[in-house]
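Straight run, no breaks: the sequence shown in this note's numbering ends on number 351.
Working notes for the structure below.
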Amino acid sequence: MTTDRPSPEFENFQPDYSPESAGTAAARSALAGFVGRSDLVREFEAAPFGRHSAELSLILDVMRSQPVAGKWIAIMTKPYSEWRAARWSLDLPMRVVEIGPLPFQSREEVDRWVFKQRWQHLIGPLPMQQGGNDV
Numbered sequence: 217m218t219t220d221r222p223s224p225e226f227e228n229f230q231p232d233y234s235p236e237s238a239g240t241a242a243a244r245s246a247l248a249g250f251v252g253r254s255d256l257v258r259e260f261e262a263a264p265f266g267r268h269s270a271e272l273s274l275i276l277d278v279m280r281s282q283p284v285a286g287k288w289i290a291i292m293t294k295p296y297s298e299w300r301a302a303r304w305s306l307d308l309p310m311r312v313v314e315i316g317p318l319p320f321q322s323r324e325e326v327d328r329w330v331f332k333q334r335w336q337h338l339i340g341p342l343p344m345q346q347g348g349n350d351v
């Protein structure tokens, strides 16, 4: 027998697309030890692509594995000459709901900006460099 109605336990199911899901809480817990690690932010800024230390690789893996809803991403707005940061919606259908403050001239630049947004979301404020400036 087939039916068009969902089974009772799924009838009122609403998936959690919130960036504050249990997975995000677990990610924050896993990354809590990296608060204040300006060396890792500098490492990413120096080389957004390529090989990274084990600690930075862990952070990137966790950042990239977060739910898509609400996540900052890099998009190319002009072929190989302009990129923007964009943010996915929290609900379905997924769509871009926010565009970052300025265009970037390289993929590296936009990835640095996105990395910092994800760091602030999952780990906290960007660490301070010696001299008092944010990394």
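Glycine included, every Cβ here is placed at the ideal spot set by N, Cα and C.
Counting only unbroken stretches of 3 or more residues, the beta strand (DSSP E) elements lying wholly within the stretch 244–295 are 288–294, in sequence order.
As computed with DSSP, Arg303 is found in a beta bridge with Trp288 and Glu314.
For the pair of segments examined, the stretch 291–311 was found to touch the stretch 319–332: the number of CB pairs separated by less than 8 Å reaches three.
Glu298 is bridged by DSSP to Lys294. By alpha-carbon distance to Leu318, the top candidate from Ser297, Lys332, Glu271 and Ala301 is Ala301.
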